[in-house]
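**Q** Its first residue numbered 515, the sequence shown is counted upward by one per residue in my numbering.
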Amino acid sequence: MGFWFTTKARNRRFEREHVLDVKLSSRQINTARMRLVSWVLGVSFSAFILVFLLWRGGSWMLDRLVYENPSFAIKVVDVQTDGVITVDQLRRWAGVHIGDNLLAMDLSRVKRDLELEPMVKSVSVERLLPGTLRLRVNEREPMAQILQPYAGPGHEQILYTLDDSGFIMLPLRPAQRSVQPSTNDWLPVLTGVNYAELTPGRPVESPQVRAALRLIASFERSPMAGLVDLRWIDLSAPDVLQVTTGQGCRVTFAASQLETQLRRWRSAHDFGLRRGKAVAALDLSVANNIPAVWVESSSLPPAPPKPLRPSRTTKRKNV
C-alpha cells in the first residue's frame with residue numbers, strides 16, 4: 515500500500531512541475547510577441563518618418579529648384595491667331611502673366627479658359643523651355659448676324675453673330691480687336707428667328723437657322739457670288755428661306771438641294787441678261803415652271819462693292 519501511495523504522490527509532483535513549465539512557456543511567448551509588435555511598430559514609425567521627411571524634402575527641393583526658380587519664369591508669350599482678337603485680350607483671357615513660372619503653369623487650365631470664350635474656337639498651348647509659352651488660337655469666323663429687339667432704354671438692339679456651325683457670339687468690343695474699324699455690313703441678317711433659342715456661347719438648334727447658314731456658305735461658292743449680295747434671309751415661313759439681295763431681288767429657296775437652286779438662279783440671271791431684263795422675284799422652291807418676275811435691268815441699282823471681310827491671315831506677336 516505504501517508503494518502505491520508513494521507512486522501517486524510522485525506522479526502528482528511530476529504533474530505540478532509540468533504545469534509550471536507550461537506557464538513559463540506562455541509568458542515567454544507573450545514576451546516574444548510583445549517584442550515583435552514593438553519592433554514592427556518601431557520600424558513602421560521610422561519608415562513613416564523617413565518617407566515624410568523625404569516627401570517634405572523633395573517638395574522643398576522641387577519648389578526651390580523648379581517652381582520658384584527664376585530661370586523658368588515666363589519671359590515671352592508667343593501668340594498666333596488667325597483672327598482679329600488682340601494679343602493682350604487673349605493673354606488676359608488665358609490668365610497668363612510675364613514672370614509666372616512656366617513649369618508650374620497648368621496648360622489644360624489655360625486652354626480651357628480660352629476656349630470658354632465664344633469667339634475662340636480652339637487653342638493649343640505649348641511650353642518652350644526655359645521661358646516661352648506658345649499659344650495657337652483658332653477664332654470663330656462670323657457668317658451671319660441676328661438683330662434682336664431690346665425693349666430697354668432707348669429701345670436698342672442686341673446684335674448676335676453666328677459662325678458656320680451656328681455657334682452664337684456677341685461682337686468684340688473695339689478695344690478687343692486688332693483691326694479697326696469693325697463692321698458687320700457684309701454679314702447677311704437673319705430674321706424670323708425664335709429669339710428664345712439665342713444663347714451666346716452655345717450653338718443654335720433651329721433647323722431653319724442651320725439651313726440659312728448652309729445657304730450662305732453655298733452662295734459664296736456659287737456662280738452667283740459677286741453678282742449680287744445676300745442682305746436679308748427671312749426664316750418665318752416653314753421649310754423655305756426667303757432671301758432679299760442688296761439689289762432688291764427676292765428669291766425663295768427650299769431648305770434642301772441648295773447648290774442646285776443656286777445654279778438655277780444663275781441660269782435665270784443669264785437668261786434675263788440676254789434680253790435686257792433682271793430678276794425681281796424668283797421662287798426656286800418650285801421644281802418646275804419656276805415663277806419669276808422680271809424688270810428692266812436698267813431699273814435696278816448696280817451691285818455695290820461688298821465690304822471686305824477681316825483678314826484671316828495668321829499674325830505672330832510676342833509679348
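Glycine included, each C-beta is placed from N, C-alpha and C at the ideal position.
Quick one: is Q722 buried, meaning 16 or more other Cβ sit within 10 Å of its Cβ, or exposed?
**A** The residue you call residue 722 lines up with position 208 of the sequence shown. Q722 is buried by the Cβ-count criterion.
**Q** Expressed to the nearest angstrom, what Euclidean distance is found between the alpha-carbon atoms of V601 and W700?
**A** To locate residue 601, count along the sequence shown from 1; it is residue 87. To locate residue 700, count along the sequence shown from 1; it is residue 186. Each residue's Cα considered, the two are about 25 Å apart.
**Q** Using only the alpha-carbon positions, how far apart do V593 and R687 sit?
**A** Here residue 593 refers to the residue found at position 79 when the sequence shown is read from its first residue. Here residue 687 refers to the residue found at position 173 when the sequence shown is read from its first residue. Computed Cα separation, rounded: 20 Å.
**Q** Buried or exposed for P752, please, with buried defined as at least 16 other CB atoms from any protein chain shown within 10 angstroms of its CB.
**A** Walking along the sequence shown from the start, residue 752 turns up at place 238. It is exposed - the Cβ of P752 has fewer than 16 other Cβ atoms within 10 Å.
**Q** Have a look at S636 and N802 and give me their C-alpha separation to the nearest angstrom.
**A** Walking along the sequence shown from the start, residue 636 turns up at place 122. Walking along the sequence shown from the start, residue 802 turns up at place 288. Approximately 45 Å between the Cα atoms of the pair.
**Q** Where H611 and L755 are concerned, what is the direct C-alpha to C-alpha distance, given to the nearest angstrom?
**A** Walking along the sequence shown from the start, residue 611 turns up at place 97. Walking along the sequence shown from the start, residue 755 turns up at place 241. Cα to Cα, the separation comes out at about 48 Å.
**Q** Between Q671 and the rest of its own chain, which residues show a CB-CB distance below 8 Å, the 5 nearest in sequence each way excluded?
**A** Here residue 671 refers to the residue found at position 157 of the sequence shown. Same-chain partners within the cutoff: L661, Q662, P663, Y664.
**Q** In or out: I563 buried (at least 16 other Cβ within 10 Å) or exposed?
**A** The residue labelled residue 563 in the question sits at position 49 within the sequence shown. Exposed, because fewer than 16 other Cβ atoms sit within 10 Å of the Cβ of I563.
**Q** Pairs of beta-carbons, one from the region 675 to 693 and one from the region 642 to 649, closer than 8 Å: are there three or more?
**A** Contact fails: fewer than three Cβ-Cβ distances are below 8 Å.
**Q** Between which residues of its own chain and A792 is the CB-CB distance below 6 Å, once the five residues before and five after are set aside?
**A** Looking up residue 792 in the sequence shown gives position 278. G786, V809, S811, L814, listed in sequence order.
**Q** Curious, which full-length beta strand (DSSP E) runs of at least 3 residues does the region 583 to 661 contain?
**A** Here the runs fully enclosed are 590 to 595, 634 to 642, 646 to 653.
**Q** On the three-state DSSP scale, how would you describe A561?
**A** Residue 561 sits at position 47 when you count from the first residue of the sequence shown. Helix.
**Q** At what residue ranges does the region 719 to 773 contain a whole run of the alpha helix (DSSP H), taking only runs of 4 or more?
**A** You should have 721 to 734.
**Q** If you measure between the beta carbons of A768 and S720, is that distance less than 7 Å?
**A** Along the sequence shown, one-based indexing puts residue 768 at 254. Along the sequence shown, one-based indexing puts residue 720 at 206. Not a contact, by the Cβ cut-off of 7 Å.
**Q** Report yes if the CB atom of L776 is closer than 7 Å to the CB atom of S750, and no otherwise.
**A** Here residue 776 refers to the residue found at position 262 when the sequence shown is read from its first residue. Here residue 750 refers to the residue found at position 236 when the sequence shown is read from its first residue. No, they are not a contact pair.
**Q** What does a CB cutoff of less than 7 Å around A725 pick up in its chain, not counting 5 residues either side in sequence?
**A** On the sequence shown, residue 725 is found 211 positions in, with the first residue counted as 1. L755, A769, listed in sequence order.
**Q** Spatial neighbours of V807 within its chain, please: CB distance less than 7 Å, with the 5 preceding and 5 following residues excluded, ordered by chain position.
**A** For the purposes of this step, residue 807 is taken as residue 293 along the sequence shown, with counting starting at 1. Result list for V807: A794, A795, in chain order.
**Q** Do L712 and I682 have their CB atoms nearer than 7 Å?
**A** Position 198 of the sequence shown holds residue 712. Position 168 of the sequence shown holds residue 682. Yes. Within cutoff.
**Q** Does the separation of the CB atoms of V757 and L744 fall below 7 Å?
**A** Mapped onto the sequence shown, residue 757 falls at position 243. Mapped onto the sequence shown, residue 744 falls at position 230. For V757 and L744, yes; Cβs fall inside 7 Å.
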